[in-house]
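Engineer: I'd like to ask you about the structure that follows.
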Amino acid sequence: MKPIKVGLLGLGTVGYGAFRVLARNQEEIQRRAGRGIEVTKIAVRDVERARALVAGACEVVGDPMLVVSDPDIDIVVETIGGYDLTRELVLQAIANGKHIVTANKALLAVYGNEIFAAARKANVMVAFEAAVAGGIPIIKALREGLTANRIQWIAGIINGTTNFILSEMRDKGIDFDAALADAQQLGYAEADPTFDIEGVDAAHKVTIMSAIAFGVPVQFDKAYVEGISRLAAIDIKYAEELGYRIKLLGITRRTDAGIELRVHPTLIPAKRLIANVEGAMNAVLVHGDAVGATLYYGKGAGAEPTASAVVADIVDVTRLHTADPEHRVPHLAFQHDALSNTPVLPIEEVTTSYYLRLCVADKAGVLAEITRILADLNISIDALLQKESREGEPQTDIIILTHETQEKHINAAIAKIEALETVLSKVTRIRMEALS
Ligand code: NDP
Ligand code: HSE
1 MKPIKVGLLG LGTVGYGAFR VLARNQEEIQ RRAGRGIEVT KIAVRDVERA
51 RALVAGACEV VGDPMLVVSD PDIDIVVETI GGYDLTRELV LQAIANGKHI
101 VTANKALLAV YGNEIFAAAR KANVMVAFEA AVAGGIPIIK ALREGLTANR
151 IQWIAGIING TTNFILSEMR DKGIDFDAAL ADAQQLGYAE ADPTFDIEGV
201 DAAHKVTIMS AIAFGVPVQF DKAYVEGISR LAAIDIKYAE ELGYRIKLLG
251 ITRRTDAGIE LRVHPTLIPA KRLIANVEGA MNAVLVHGDA VGATLYYGKG
301 AGAEPTASAV VADIVDVTRL HTADPEHRVP HLAFQHDALS NTPVLPIEEV
351 TTSYYLRLCV ADKAGVLAEI TRILADLNIS IDALLQKESR EGEPQTDIII
401 LTHETQEKHI NAAIAKIEAL ETVLSKVTRI RMEALS
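Residue numbers (UniProt numbering): 1 to 436.
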């Protein structure tokens with residue numbers, strides 16, 4: 001059989017990683033795919049640099065539309081990133097009958113519904129393993145390996161940059177800014193790391209997993225997103241004293257009222273395996289009704305770990321290229337006409353437990369006032385820690401861990417607590433998950 005032809009959009013970290021892995025493992029990949037896979041055309045901005053990298057192995061062009069409209073190309077692999085240009089390129093490639101492989105979580109979280117609909121109409125595949133947790137085959141696990149299950153929840157460390165920052169803050173006792181500077185120096189964080197540290201990148205990824213897990217459209221605009229930029233080193237220390245670690249988790253859960261879809265710093269028991277995922281590593285915990293909890297761990301970023309997922313998708317598409325479209329795995333795992341309109345819950349309706357840190361005047365009766373407010377709102381206290389006040393300072397920290405309650409109740413409690421004269425600053429609130 002003649003080789004399948006691949007056009008590559010971008011030859012940066014991921015694109016060049018995929019190019020190298022395809023070239024290095026060519027023989028084994030061909031034996032697995034059943035036919036050769038040839039990269040025939042690459043589009044970049046800096047054509048000279050790319051020509052030097054590929055050393056004559058294929059054509060390099062400066063206009064990505066030349067890849068998308070090349071009649072010989074079967075699969076377009078998009079590794080440019082961003083929304084506007086890539087949306088246009090991917091939709092045009094689909095219209096031209098090309099299959100798509102992409103690592104672009106931002107594109108799919110925001111425009112996934114439009115792209116999948118176009119692909120269905122054109123009978124082409126859109127594969128996106130690399131878009132979530134880099135080299136970890138979590139999309140394959142959710143779409144295929146766990147297909148027997150009614151998935152109940154997913155909780156993932158799905159942004160390496162923020163996990164590295166949190167690990168540094170804990171291990172070295174340094175604050176957020178210093179840890180971010182380390183991450184930037186080591187090349188983990190982007191030059192503009194806003195999407196990483198503000199939780200947006202993790203929200204893109206959990207949005208995609210949520211759609212596949214629960215058979216709903218991708219709904220990034222409904223996700224609750226809170227990053228780690230306001231996290232204080234003192235809370236990481238107090239959490240540790242109480243037997244918890246703080247991780248930036250992407251969480252999606254099925255409840256009777258709807259689907260939770262949220263990203264925020266989260267206290268998790270230190271004894272959980274996922275709490276011990278350190279540095280830039282990723283891990284995703286999936287709970288299915290039949291299988292129970294399963295944990296997927298590995299590198300969530302970097303040239304070759306991400307290329308591992310991109311190339312696996314190219315092989316999958318190659319194997320299914322000639323298959324009847326009806327027999328392919330649906331893009332979001334569920335048949336497109338069987339997607340449900342289960343609502344995504346606003347954060348006020350989410351039920352979880354909470355870590356609260358209060359800076360209070362060190363006087364009689366303060367604790368009683370605070371616990372009264374919580375009791376009046378039916379919020380039960382699970383643990384309480386009062387720090388000794390430092391010598392000469394008339395104030396102290398109180399840390400309260402609550403049992404589960406709805407976010408709207410904790411909001412009401414915090415508003416009342418902050419109004420007390422004896423409470424000296426804003427209450428720090430971090431959500432907690434038992435993940436049991
Ligand atoms: P890079 O910035 O390293 O590479 C982007 C590539 O796209 C470059 O080769 C660049 O060309 C090319 N490019 C940019 N604009 C254009 C344009 N207008 N026309 C043609 N080519 C263009 O990005 P990454 O490889 O890091 O990321 C790519 C995608 O993969 C993103 O969606 C990202 O979110 C995703 N991803 C990245 C991971 C990682 O570890 N880096 C992990 C998982 C997903 P030139 O070389 O000439 O500048
Ligand atoms: N910026 C992302 C991270 C890259 O830090 O995990 C992988 O998607």
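Glycine included, each C-beta is placed from N, C-alpha and C at the ideal position.
Just so you know, these numbers come straight off a predicted model, no measurement behind them.
#1: I'd like to confirm the pairing. Which residues does DSSP put opposite residue 406 in its beta bridges?
#2: Within this structure, are the beta carbons of residue 215 and residue 334 separated by less than 8 Å?
#3: Could you tell me which residues DSSP pairs with residue 442 in its beta bridges?
#4: Determine the contact status of residue 155 and residue 249, defining contact as a CB-CB distance below 8 Å.
#5: Return the chain-ordered list of same chain residues with a C-beta closer than 7 Å to the C-beta of residue 330, the five sequence neighbours on each side being excluded.
#6: Hey, residue 127 and residue 101: beta-carbon distance below 8 Å or not?
#7: Within the same chain, show all residues whose beta-carbon is closer than 7 Å to that of residue 258, passing over the 5 residues directly before and after it, in chain order.
#8: DSSP three-state call for residue 378: helix, strand or coil?
#9: Just to confirm my understanding: we take residue 383, look at its own chain, exclude 5 residues before and 5 after, and list those with CB closer than 7 Å. What are they?
#10: Residue 240 lies in the beta strand (DSSP E); which residues open and close that run?
#11: Classify residue 311 as helix, strand or coil using the three-state DSSP reduction.
#12: Does any heavy atom of the ligand NDP sit closer than 7 Å to the C-beta of residue 45?
#13: Cβ of residue 15 versus every heavy atom of the ligand NDP: is any distance shorter than 7 Å?
#14: Run through DSSP, which three-state label would residue 412 get?
#15: How many whole angstroms separate the CB atoms of residue 318 and residue 37, which I take to be in contact at a CB cut-off of 8 Å?
#16: Please state whether DSSP places residue 442 in a helix, a strand or coil.
#17: Exposed or buried, what is residue 168 when buried is set at 16 or more other beta-carbons lying within 10 Å of its beta-carbon?
#18: Exposed or buried, which one is residue 103 when buried takes at least 16 other CB atoms within 10 Å?
#19: Which of the three DSSP states is assigned to residue 432 in this structure?
#20: Taking the alpha carbon of residue 19 as the point to measure from, which residue in 360, 340 and 305 has its own alpha carbon closest?
#21: Between which two residues does the beta strand (DSSP E) carrying residue 41 extend?
#22: I want to check one thing, is the minimum distance from the CB of residue 300 to the heavy atoms of the ligand HSE below 7 Å?
#23: With distances taken between CB atoms, is the gap from residue 239 to residue 228 smaller than 8 Å?
#24: Which of helix, strand or coil does DSSP assign to residue 199?
#25: Which of the three DSSP states, helix, strand or coil, is assigned to residue 341?
#26: Give the C-beta separation of residue 148 and residue 290 to the nearest angstrom, bearing in mind that I take them to be a contact with Cβ-Cβ under 8 Å.
#27: Taking DSSP as the reference, what is the three-state secondary structure of residue 228?
#28: If you measure between the beta carbons of residue 108 and residue 218, is that distance less than 8 Å?
#29: Does the region 280–299 touch the region 261–271, meaning 3 or more C-beta pairs lie closer than 8 Å?
#30: If you reduce the DSSP assignment to three classes, tell me which class residue 159 lands in.
Structural biologist: Once the coordinates are examined:
#1: For the purposes of this step, residue 406 is taken as residue 406 along the sequence shown, with counting starting at 1. Note: residue 406 sits in a beta bridge opposite 351.
#2: If you number the sequence shown from 1, residue 215 lands on position 215. If you number the sequence shown from 1, residue 334 lands on position 334. Cβ atoms of residue 215 and residue 334: closer than 8 Å.
#3: Nothing about residue 442 can be read from this structure; the chain reaches only from 1 to 436.
#4: As a first step, residue 155 must be located in the sequence shown, where it is residue number 155. As a first step, residue 249 must be located in the sequence shown, where it is residue number 249. The Cβ-Cβ distance between residue 155 and residue 249 falls below 8 Å.
#5: Taking the sequence shown and counting its residues from 1, one reaches residue 330 at position 330. Non-local C-beta neighbours of residue 330 in its own chain, meaning closer than 7 Å and more than five positions away in sequence, comprise 336, ordered along the chain.
#6: On the sequence shown, position 127 is the one that residue 127 refers to. On the sequence shown, position 101 is the one that residue 101 refers to. Cβ atoms of residue 127 and residue 101: closer than 8 Å.
#7: Position 258 of the sequence shown, counted from the first residue, corresponds to residue 258. So the qualifying residues of the chain are 342, 343, 344 and 345.
#8: Locating residue 378 in the sequence shown gives position 378, where the first residue counts as 1. Shown here, residue 378 sits in coil according to DSSP, grouped into three states, outside any helix or strand.
#9: Within the sequence shown, numbered from 1, the residue matching residue 383 stands at position 383. 242 and 401, listed in sequence order.
#10: By 1-based counting over the sequence shown, the position of residue 240 is 240. No beta strand (DSSP E) contains residue 240, which is instead part of the alpha helix (DSSP H) from 233–241.
#11: Along the sequence shown, read from residue 1 onward, the residue named residue 311 stands at position 311. In this structure, DSSP gives residue 311 a helical state, which the three-state scheme calls helix.
#12: Along the sequence shown, one-based indexing puts residue 45 at 45. For the ligand NDP, a non-hydrogen atom lies closer than 7 Å to the CB of residue 45.
#13: Within the sequence shown, the letter at position 15 stands for residue 15. Flag set: Cβ of residue 15 near the ligand NDP.
#14: Sequence index remark: in the sequence shown, residue 412 carries index 412 (1-based). Residue 412: helix per DSSP, three-state reduction.
#15: Along the sequence shown, read from residue 1 onward, the residue named residue 318 stands at position 318. Along the sequence shown, read from residue 1 onward, the residue named residue 37 stands at position 37. About 6 Å; that satisfies the 8 Å criterion.
#16: Residue 442 lies beyond the range of the chain shown here (1 to 436); nothing can be said about it.
#17: Here residue 168 is taken as the residue at index 168 of the sequence shown, counted from 1. Using a 10 angstroms sphere on the CB of residue 168, the tally of other CB atoms reaches 16 or more, which defines it as buried.
#18: In the sequence shown, residue 103 corresponds to position 103, counting from 1. The residue is buried, with at least 16 neighbouring Cβ atoms inside 10 Å.
#19: Here the question's residue 432 lines up with position 432 in the sequence shown. When secondary structure is reduced to three states using DSSP, residue 432 falls in the strand class.
#20: To locate residue 19, count along the sequence shown from 1; it is residue 19. When only C-alpha atoms are compared, the closest one is 305.
#21: In the sequence shown, counting from the first residue as 1, residue 41 sits at position 41. 37–43 is the span of the beta strand (DSSP E), which, as asked, contains residue 41.
#22: Here residue 300 refers to the residue found at position 300 of the sequence shown. Yes, Cβ of residue 300 sits closer than 7 Å to a heavy atom of the ligand HSE.
#23: Taking the sequence shown and counting its residues from 1, one reaches residue 239 at position 239. Taking the sequence shown and counting its residues from 1, one reaches residue 228 at position 228. Going by beta carbons, residue 239 and residue 228 fall outside the 8 Å limit.
#24: Taking the sequence shown and counting its residues from 1, one reaches residue 199 at position 199. Residue 199: coil per DSSP, three-state reduction.
#25: Residue 341 sits at position 341 when you count from the first residue of the sequence shown. Looking at residue 341 - three-state DSSP - the assignment turns out to be coil, as it is neither helix nor strand.
#26: Along the sequence shown, read from residue 1 onward, the residue named residue 148 stands at position 148. Along the sequence shown, read from residue 1 onward, the residue named residue 290 stands at position 290. Contact check for residue 148 and residue 290: beta-carbon distance about 6 Å, within the 8 Å limit, so the pair qualifies.
#27: By one-based count along the sequence shown, residue 228 stands at place 228. Residue 228 falls in the coil class under three-state DSSP.
#28: Working through the sequence shown from its first residue, we reach residue 108 at position 108. Working through the sequence shown from its first residue, we reach residue 218 at position 218. Yes; because the gap between Cβ atoms is below 8 Å, this pair is in contact.
#29: No, because fewer than three Cβ pairs between the region 261–271 and the region 280–299 fall closer than 8 Å, the two stretches do not touch.
#30: Walking along the sequence shown from the start, residue 159 turns up at place 159. Assignment of residue 159 by DSSP, reduced to helix, strand and coil, places it in the coil class.
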